[in-house]
Amino acid sequence: MILAKKVRLYPSQLQEQKLWQSVGTSRFIYNWTLAKQEENYKKGGKFISDSELRKEITQLKKTELVWLNEISNNVAKQSVKDACDSYKRFFKGLSDKPKFKSRRKSKKSFYNDNGKLKVKEENLVNIEKVGWIKTNEQLPIGVKYSNPRISYDNKYWYISVGIEQEEVQEELTDVSLGIDLGIKDLAICSDNKVYKNINKTYIVRKIEKKLRRLQRQVSRKYENNKKGKEYVKTSNIIKFEKQIQLMHRRLANIRNNYLHQTTTNIVKTKPYRVVIEDLAVSNMMKKAIAKQGFYEFRRQLEYKCKFRGIELVVVDRFYPSSKTCSCCGEIKKNLKLKDRLYNCSCGLSIDRDLNASLNLSKYKLA
């Protein structure tokens with residue numbers, strides 16, 4: 556099984572300039588590929604293969620795009636492939652239509668060819684056309700890397716690589732663990748364990764309050780510096796926007812770290828299977844739901860269960876886990892969202908989320 560390893564980079568000022576050039580190249584070529592595909596589609600042409608587009612870029616490097624020669628050839632090649640793959644997934648109905656990447660909002664990252672990636676002792680990694688860069692941790696030597704990516708999170712540079720690892724063979728219990736995801740609490744398990752909502756903690760609320768204050772300040776400064784229809788970006792606005800970026804980064808790290816802690820604690824209980832509901836997250840992307848990170852929770856749970864040999868069962872989203880009595884099996888069709896207690900005619904009175912998790916733990920595959 557391939558697991559990712561991510562370590563921090565310590566580039567020099569000149570190397571960081573090269574990294575930014577690679578990020579810009581990756582974004583430019585991705586947008587160039589999307590524009591080519593859209594223009595071709597409007598004219599009624601067939602889908603252009605990534606090999607044809609790469610050949611066109613090779614010719615353009617001799618005339619219009621000479622500056623591409625300063626960057627690793629694999630950065631442009633992979634960006635073309637990524638854009639074409641995005642269109643293929645869209646045509647197959649697996650994802651939304653790919654959008655053009657903006658300089659401000661898009662993820663700052665690029666690909667490095669795994670064949671050209673070199674690692675040596677003393678925490679050093681060689682990135683093509685950038686040079687040897689110090690890392691905070693030693694990457695494994697003598698192993699095959701897959702999909703190396705260099706990224707920037709608005710504060711530090713990182714390199715992530717996929718490394719083949721053997722799955723853990725553990726002695727599992729006979730427990731079938733049902734997990735109900737929610738807004739009040741992140742996850743309610745059938746073994747009575749409750750994982751709280753991290754967004755309700757003091758530290759997260761404090762950061763969000765400070766973030767809102769800074770956003771209001773920036774908005775007022777933009778209005779005060781407006782000249783006609785154009786907004787002037789002053790040095791103070793740039794300073795505040797940098798602080799806002801760092802706060803978003805900190806919030807994202809806190810939430811992601813909590814999801815990792817939660818999913819790791821779940822698989823460490825060693826159930827023989829884990830049962831969750833297939834939630835239509837894209838249809839319920841309200842702010843509170845988006846902060847919970849249900850999709851990321853499921854993604855982490857999937858690979859951690861696979862790594863430890865635990866079966867993960869995803870139940871159909873229309874399965875009445877909340878409306879069914881976990882004791883007698885009666886379905887309460889008039890159960891409303893405001894009803895936090897499930898009261899059944901058989902005498903059972905239980906928290907509705909715990910009731911749902913118990914029903915999921917008893918779920919039988921058809």
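Per my numbering, the very first residue in the sequence shown carries number 556; after that it's consecutive.
We treat Cβ as the ideally placed atom computed from N, Cα and C, and that holds for glycine.
Have a look at the options and flag the residue whose alpha-carbon is nearest the alpha-carbon of residue i.
i    : options                : result
S661 : S650, D651, N709       : N709
D640 : D605, K797, T613, R609 : D605
Y642 : R609, L679, V869, A590 : A590
V869 : T879, K919, K823       : K919
D668 : Y813, A638, K632       : K632
Q568 : G686, K610, K617       : G686
Y850 : L814, F873, T879       : L814
T928 : Y750, K776, R768, Y757 : Outside the shown range of the chain (556 to 921) lies residue 928, about which nothing can therefore be said.
E683 : K689, E692, S627, V787 : S627
L574 : Y596, V630, N586       : V630
I831 : T588, E677, R854       : R854
T923 : K794, L834, K776, K859 : Here the chain has residues from 556 to 921 only, and residue 923 is not among them.
Q720 : V730, N702, R659, V698 : V698
L915 : V829, C883, F795       : V829
Y666 : N791, D871, Q576       : Q576
K610 : C883, T588, V680       : T588
K765 : E796, L694, K784, N747 : E796
R771 : V759, Y596, R760, I792 : I792
Quick check on DSSP: helix, strand or coil for residue i?
i    : result
S877 : coil
N811 : helix
E785 : strand
I831 : strand
C882 : coil
F665 : strand
K797 : helix
Y585 : helix
Y918 : coil
S790 : helix
N898 : strand
K675 : strand
N681 : strand
T817 : helix
G670 : coil
R767 : helix
G579 : helix
I865 : coil
Compute the beta-carbon to beta-carbon distance between residue i and residue j, rounded to the nearest angstrom, for a pair I have assumed lies under 8 Å.
i    : j    : result
G736 : F852 : Residue identity differs from the one stated: residue 736 is Leu in this sequence, not Gly. Indeed, because the Cβ distance is near 7 Å, the residues count as touching under 8 Å.
V562 : I714 : 6 Å
I612 : V635 : 7 Å
Y827 : E866 : 7 Å
V723 : F862 : 6 Å
Y777 : K689 : The Cβ separation is near 39 Å, so there is no contact.
V787 : N780 : 4 Å
I844 : I738 : 7 Å
N681 : E692 : Going by Cβ atoms, the distance from N681 to E692 rounds to 16 Å, so no, they are not a contact pair.
Got a sec? Which residues, its chain only, sit under 6 Å from residue i by beta carbon, not counting five neighbours each side?
i    : result
S664 : R704, S706
Q800 : N709
L727 : K825, Y827
N702 : G717
Going along the chain, which residues of its own chain have a beta-carbon closer than 7 Å to the beta-carbon of residue i, five neighbours each way excluded?
i    : result
S912 : G733, I734, D735, I743, C744, S745
K878 : I886, K887, K888, L890
D894 : R907
I762 : M802, R805, L806
N533 : Not covered by the structure: residue 533. The range shown for the chain is 556 to 921.
K656 : R582, Y585, N586
Which same chain residues end up closer than 8 Å to residue i when comparing Cβ atoms and leaving out the 5 residues on each side of it in sequence?
i    : result
E525 : Outside the shown range of the chain (556 to 921) lies residue 525, about which nothing can therefore be said.
C880 : I886, K887, Y897, C899, C901, L903, N910
R846 : Residue identity check: residue 846 is Lys in the sequence provided, not Arg. Contacts found: N754, R810.
Q592 : F602, I603, A638, C639, Y642
D740 : V749, Y750, K751, N752, D908
G864 : E722, V723, Q724, E725, L727
D729 : Y827
Q798 : L769
Is the beta carbon of residue i within less than 6 Å of some heavy atom of the ligand PLP?
i    : result
A843 : The ligand PLP is absent from the structure shown, which contains no ligands of any kind.
(request) Kindly provide the ranges of any beta strand (DSSP E) runs that are 3 or more residues long and lie completely inside the region 698-745, ordered along the chain. (result) Taken in chain order, the complete beta strand (DSSP E) segments of 3 or more residues contained in the region 698-745 are 700-707, 712-719, 731-736, 740-744.
(request) Within the region 626-653, note down every full alpha helix (DSSP H) run reaching 4 residues or more, in order along the chain. (result) Listed in chain order, the alpha helix (DSSP H) elements of length 4 or more contained wholly in the region 626-653 are 628-646.
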